[in-house]
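To start, the structure itself, in C-alpha cells.
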Amino acid sequence: MQLAHIPLDKLNISALNMRHSKRAPDVSDILPSVRARGVLVPLLVRPNGTPESFEIVAGRRRYFAAKSLADERGQRNALPCAIMEDGDDADALEASLIENFARLDPDEVSQWETFSRLIREGRTIPDIAATFGVTELLVKRILALGDLLPKIREAYRREDIDAETARHLTMASKGQQKDWLALYADPEQYAPQGHQLKQWLFGGQSISTKMALFAIEDYPGLIVCDLFGEDSYFADADLFWQKQNEAIAAKRDAYLEAGWPEVAVLEPGQHFQSWDHEKTPRKKGGKVFISVSHRGAVECHEGWLSRKEARRARAQGEGGEPDETPARPSRPELTGPMQNYVDLHRHGAVRTAMLDHPDVALRLMVAHAIAGSGLWQVRREPQRTANEAVAASIAASRAEAVFAEKRRAVLALLGQPDEEGAIAGGNGDAFALAAVFARLLALCDDDVMRVLSLAMAETLEAGSAIVEALGNHLGIDMGAWWQADDAFFDLLRDREIANAMLADLAGKPVADGNVAEKVKTQKKIIRDCLSGENGREKIDNWLPNWMKFPVESYTKRGGFRTADQWASVQPLFVRQ
C-alpha cells in the first residue's frame, strides 16, 4: 500500500465499490467537517488502466463531499489516498487505515504537538505518515503550524479561525502575523480570513516604508503618506526593490564577515520552513536564511540547518574521531549537466592546443604507458553526454572544428585521406596493426610526432586532473576557444552563482541590487552585458571562473570536481 495525494479529476468510482450507484449520495452530514478540515481519512483506490487514473474502492462519500466543496469554491484540491497493490484485501486495508487514523489527536494543533515531539525524537516524516496512516503531505501541513504565533495556533485549536485561514498564516512572516493578530483582537477592526487573507498577505503593490531594510533618507524616489501621516508607502516599487536588494546583499555580506559559514537569500515569497530545520549554533555549522515576502518584509533566520544536515553533523560528532572523508555537498556548486558541459569544453580546448606541442604529447604518452589511466587499453575519449544541448554546444565549438581539421591532415599522412573519425581505439586486428606500423616506418620524425600527438589527444580523458595539469602547463586561454552560448545559460540555474557572475561583469552594486531576483532575471542582465544591449556596456572575452586556467570556484560549498582535481595536482606543477 502506498499513500499519496491524488487530484480529484484523476479519480472515479469503482464498479466494485459497495456503495456504487448512479445517484450521488447524501453527504450533508459530513460536508461541514470536510469544509472545515478537509478529507482526513485516506480514500482506498487502485490503478485504473493508466498510471495517472485511479478508481475508488472505499471512500465514495468522502469523494463526493470533496467534489461538492470543490464546485462550491471553484478550486479542486488533491485528496489523500491509499493506493492498493495486487493481492491487497480492501476490507482489511480500510479497517487498518481507520484504526491508524484513530490514533491521531482530535484537532490539528494537538497533532502538531505530537508530530513535533516525534520529529525531535528523531522520527522522519515518512515514519510519522506510516505510523498514522496519512500522507507525507498531510504531515508536512500539520508541522507547518509550528510557524504560527502561539495565539494564532490557540485560536485555531478553539476553531475561532478556519483551516484555510490557518494555512495562509503559516506562509506569513512573523511581522505579518502580528499585524493580522492586532486586527483580529480589535473588535472595531476587520481581520481578513480565507481567500481575502491570501490577498491581504500576498496581493497588491503598495509597499509600506516600515518594510525598508535601508535608511529611508537613502531612498531617492517619492514617498506617499496618508492624510493623517500615520502610514507611508513607496510610490516606485521597482526602485524600492533595488534599494531593498542592495540592503539584503549588505546584510548577507555582514553575516559572512561575522563568520557565518553560509547565508542563503530566499526568493521573494519563498517561505522559510522552520519545521524542516533544526536550530544549530554558528560554531557547529549553522547557516543564516534570509526570507523576503512579496510585501518587502525581510526576516533573518540565524543558526539553522536542514534536519538532514543536522543529523549528519550529529552522527559525525558522536563518532569520536573526525571524519576524514569530505561530506557530500548538500547543494553542489555545479549541476551534473553543467559539470559535464565544463569538462567537455575544457577538454576540447586542452587537447586541441596539445596538438601544437608534440614534445609534451610524447612525454604524456610515455607517462600513460607507464602508469596507465582510465582510458589506456587503448580506448579513445568518447566525449559522451546525455544532454542534447551540451552535445550540440561541443559540436559547434571552435576547438572541435580545429581538431577535426588537424585530424584530417594526420589521416592523410596515414594514407587514409577519405576516412573519417578517430585513429585511436582499434579492435586489435593484426593486419591493421602491421599496416599502420609499415606506414609509420615510412614517415619522418616530425610526421610521426603529429600522429602520436593526435593519438594522445584522442585518448585524453575528459573531466580528469590531467586535463587541468596540461591546460595550466600550456597556459590555455579559454577565451580563444569558448564563449558563453545558449547551452551554458540554460544549464546555469543557481541564483547565488548567477549573482556572482553578474558582479564580475556589471560590478557589485548592480549585483547587490538584484541579489533576490530570480536567476532568469540575473541571466538576462549577464547576456545584456555580453551583447551590449539594453544600455549595458559590452564586455568582450569574458570567462566565468569555471572556464579559466587555473580554475576558480564561486562559493565555498564544494561539489566542483574540476577545482578539486586541480587543487590535488597543483603542487606538482608549481614553477620554480
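Each residue of the sequence shown is one higher than the last, beginning at 1 in full-length UniProt numbering.
The C-beta atom is built at its ideal place from N, Cα and C for all residues, glycine as well.
Report the CB separation of residue i from residue j in whole angstroms; it is logged as a contact under 8 Å.
i           : j           : result
residue 391 : residue 481 : Not really, about 17 Å apart at Cβ, beyond 8 Å.
residue 34  : residue 11  : Contact flag wrong, Cβ pair sits at about 15 Å.
residue 332 : residue 559 : 2 Å
residue 596 : residue 263 : With the chain running from 1 to 576 in the structure shown, residue 596 is simply not present.
residue 346 : residue 547 : 7 Å
residue 374 : residue 468 : That pair is no contact at about 15 Å.
residue 414 : residue 439 : 5 Å
residue 214 : residue 244 : 7 Å
residue 190 : residue 181 : Contact doesn't hold; Cβ gap of about 13 Å is too wide.
residue 267 : residue 508 : Not confirmed; about 20 Å, so no contact.
Rounded to the nearest angstrom, what separates residue i and residue j at their Cα positions?
i           : j           : result
residue 242 : residue 522 : 13 Å
residue 570 : residue 463 : 16 Å
residue 228 : residue 256 : Note on residue 228: pLDDT 46, under 50, position unreliable in the model; the coordinate value appears next. Distance between the alpha carbons of residue 228 and residue 256: 41 Å.
residue 561 : residue 339 : 8 Å
residue 324 : residue 568 : Because residue 324 sits at a pLDDT of 48, beneath the cut-off of 50, its placement in the model cannot be relied upon, and the following sentence gives the value as read from the coordinates. Roughly 16 Å separates the two Cα atoms.
residue 289 : residue 251 : 11 Å
residue 108 : residue 154 : 11 Å
residue 275 : residue 315 : 20 Å
residue 281 : residue 308 : 16 Å
residue 335 : residue 565 : 17 Å
residue 216 : residue 249 : 17 Å
residue 427 : residue 555 : 45 Å
residue 209 : residue 483 : 43 Å
residue 459 : residue 383 : 10 Å
residue 317 : residue 2   : 35 Å
residue 490 : residue 498 : 12 Å
residue 538 : residue 496 : 23 Å
residue 147 : residue 141 : 11 Å
residue 186 : residue 159 : 18 Å
residue 447 : residue 553 : 40 Å
residue 62  : residue 39  : 7 Å
residue 168 : residue 197 : 7 Å
residue 124 : residue 247 : 37 Å
residue 387 : residue 466 : 24 Å
residue 534 : residue 543 : 21 Å
residue 265 : residue 397 : 35 Å
residue 118 : residue 144 : 14 Å
Within its chain, find whatever has a CB closer than 7 Å to the CB of residue i; leave out the 5 residues flanking it on each side and keep chain order.
i           : result
residue 297 : 173, 175, 176 and 211
residue 322 : Unreliable positioning characterises residue 322 in this predicted model, as indicated by a pLDDT of 48, which lies under 50. The coordinate reading is nonetheless provided below. No residues qualify anywhere along the chain.
residue 36  : 162 and 163
residue 221 : 234, 235, 236 and 239
residue 502 : 510, 511, 514, 522, 525 and 526
residue 7   : 76 and 78
Are there 16 or more other CB atoms within 10 angstroms of the CB of residue i, so buried, or fewer, so exposed?
i           : result
residue 305 : buried
residue 442 : exposed
residue 81  : buried
residue 224 : exposed
residue 64  : buried
residue 529 : buried
residue 576 : Only weak support is given to the placement of residue 576: the predicted model assigns it a pLDDT of 41, under 50, and the question is left unresolved by the model.
residue 293 : buried
residue 343 : buried
residue 431 : exposed
residue 60  : buried
residue 111 : buried
residue 165 : buried
residue 295 : buried
residue 278 : buried
residue 188 : exposed
residue 531 : exposed
Spell out the partners DSSP gives residue i in its beta bridges.
i           : result
residue 82  : 3 and 44
residue 300 : 290
residue 552 : According to DSSP, residue 552 bridges with nothing at all.
residue 263 : 288
residue 58  : 44
residue 277 : 306
residue 14  : For residue 14, which the question treats as bridged, DSSP gives no partner whatsoever.
residue 224 : 233
residue 208 : 233
Residues in its own chain within less than 6 Å of residue i by CB, not counting five upstream and five downstream?
i           : result
residue 358 : 449 and 453
residue 200 : 192
residue 470 : 350
residue 403 : 352
residue 425 : 379 and 380
Given residue i, which residues of its chain have a CB within under 8 Å of its CB, disregarding the five upstream and five downstream residues?
i           : result
residue 361 : 354, 355, 449, 452, 453, 456 and 457
residue 126 : 136
residue 68  : 27 and 31
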